[in-house]
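**Student:** For the sequence shown, my numbering assigns the number 2 to the initial residue and increments by one for each residue that follows.
Glycine included, C-beta positions come from ideal geometry on N, C-alpha and C.
The structure under discussion is supplied below as structure tokens; questions concerning it will follow.
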Amino acid sequence: MTPRLVVFTKAPVLGGAKTRLAAGIGKVHANRLYRAMIRAVIRRTRDPRWETQLWVAPDAAASAKFGGVWPDDLRRILQGSGSLSPRLTRAMAAKGPVIVIGTDAPQIRARDIAQALRLLRHNDLVFGPCDDGGFWLIAANGPVDSALFENIAWSTDTALADVQRNCVGRVAYLRTLIDVDDIEALRQVRQS
2 MTPRLVVFTK APVLGGAKTR LAAGIGKVHA NRLYRAMIRA VIRRTRDPRW
52 ETQLWVAPDA AASAKFGGVW PDDLRRILQG SGSLSPRLTR AMAAKGPVIV
102 IGTDAPQIRA RDIAQALRLL RHNDLVFGPC DDGGFWLIAA NGPVDSALFE
152 NIAWSTDTAL ADVQRNCVGR VAYLRTLIDV DDIEALRQVR QS
């Protein structure tokens, strides 16, 4: 069974993403950086060893071009409504190995995805932790139970810990990356 790499991405429209970063550098520059981060993550993680899918939000943006930010040759799937919990549950509902990443950690590489797949051979879940208490990757041999994502305080410094409380089975971890959500995180990535 071919593993799936699910890339969660928001439409790269002015004011539609990176609002905390925009507070420090302005909406136009934040949008320019977000577009660059999307391109970088997709370029660095595409690999013939897995199927890469773009899970897009909002649903109405699925057919938009965005100047090639979302490659035309990648399958686009609608994230659908609701918080991150039901959207992750839907992305991880199919049978087989699935890895979900976002586009907020531009340091992600194909070798990270390959390592997550290797770790899934002997573990039930794999996380790529972020320095802010969240995670940049979650991997499982699907389908996952929706209970995994119950009572999660998303976008907080307890998001990973909240999901870990719901974990059943063996868990492995990848390297910690920086989630670029604000100007301080942007500075850290530029210095690394």
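Give me the DSSP bridge partner(s) of Pro144.
**Tutor:** Your numbering for residue 144 matches position 143 in the sequence shown. None, per the DSSP bridge assignment.
**Student:** I'd like the ranges of any alpha helix (DSSP H) spanning at least 4 consecutive residues and lying wholly in the region 130-191.
**Tutor:** 160-167
**Student:** Quick check on the burial criterion: 16 or more other C-beta atoms within 10 angstroms. Buried or exposed for Met38?
**Tutor:** As a position in the sequence shown, residue 38 is number 37, starting the count at 1. Classification of Met38: buried, given that the 10 Å Cβ count is 16 or more.
**Student:** Taking C-alpha atoms, which residue in Ala12, Pro4 and Met2 lies nearest to Thr104?
**Tutor:** The residue you call residue 104 lines up with position 103 of the sequence shown. Checked all of Ala12, Pro4 and Met2; the closest Cα to Thr104 is Ala12.
**Student:** Are the region 156-166 and the region 112-119 touching, with three or more C-beta to C-beta distances below 8 Å?
**Tutor:** no
**Student:** Thinking C-beta only, is Val169 closer than 9 Å to Ala140?
**Tutor:** One-based indexing of the sequence shown puts residue 140 at position 139. One-based indexing of the sequence shown puts residue 169 at position 168. No, these two residues do not count as a Cβ contact at 9 Å.
**Student:** Would you say the region 73-84 touches the region 45-59, given that touching needs at least three Cβ pairs under 8 Å?
**Tutor:** yes
**Student:** Between the beta-carbon of Ser82 and the beta-carbon of Trp155, is there less than 9 Å?
**Tutor:** Residue 82 sits at position 81 when you count from the first residue of the sequence shown. Residue 155 sits at position 154 when you count from the first residue of the sequence shown. Not in contact: Ser82 and Trp155 (Cβ atoms no closer than 9 Å).
**Student:** Counting only the same chain and skipping the five closest in sequence on each side, list residues whose C-beta sits under 8 Å from that of Leu175.
**Tutor:** The residue you call residue 175 lines up with position 174 of the sequence shown. Cβ neighbours of Leu175 beyond the five flanking positions: Asp113, Gln116, Ala117, Leu120, Val127, Phe128, Gly129, Pro130 and Leu138.
**Student:** May I have the straight-line CA-CA distance separating Val14 from Asn152, to the nearest angstrom?
**Tutor:** As a position in the sequence shown, residue 14 is number 13, starting the count at 1. As a position in the sequence shown, residue 152 is number 151, starting the count at 1. Distance between the alpha carbons of Val14 and Asn152: 30 Å.
**Student:** So for Ala58, helix, strand or coil by DSSP?
**Tutor:** Here residue 58 corresponds to residue number 57 of the sequence shown, with the count starting at 1. When secondary structure is reduced to three states using DSSP, Ala58 falls in the strand class.
**Student:** Classify Leu85 as helix, strand or coil using the three-state DSSP reduction.
**Tutor:** Locating residue 85 in the sequence shown gives position 84, counting from the first residue. Note: Leu85 maps to helix in three-state DSSP.
**Student:** Is it right to say Pro4 is buried, meaning 16 or more other beta carbons lie within 10 angstroms of its own, or is it exposed?
**Tutor:** Position 3 of the sequence shown, counted from the first residue, corresponds to residue 4. Pro4 comes out buried.
**Student:** Roughly how many angstroms separate the alpha carbons of Arg91 and Gln80, rounded to a whole number?
**Tutor:** The residue labelled residue 91 in the question sits at position 90 within the sequence shown. The residue labelled residue 80 in the question sits at position 79 within the sequence shown. Whole-angstrom Cα-Cα distance: 8 Å.
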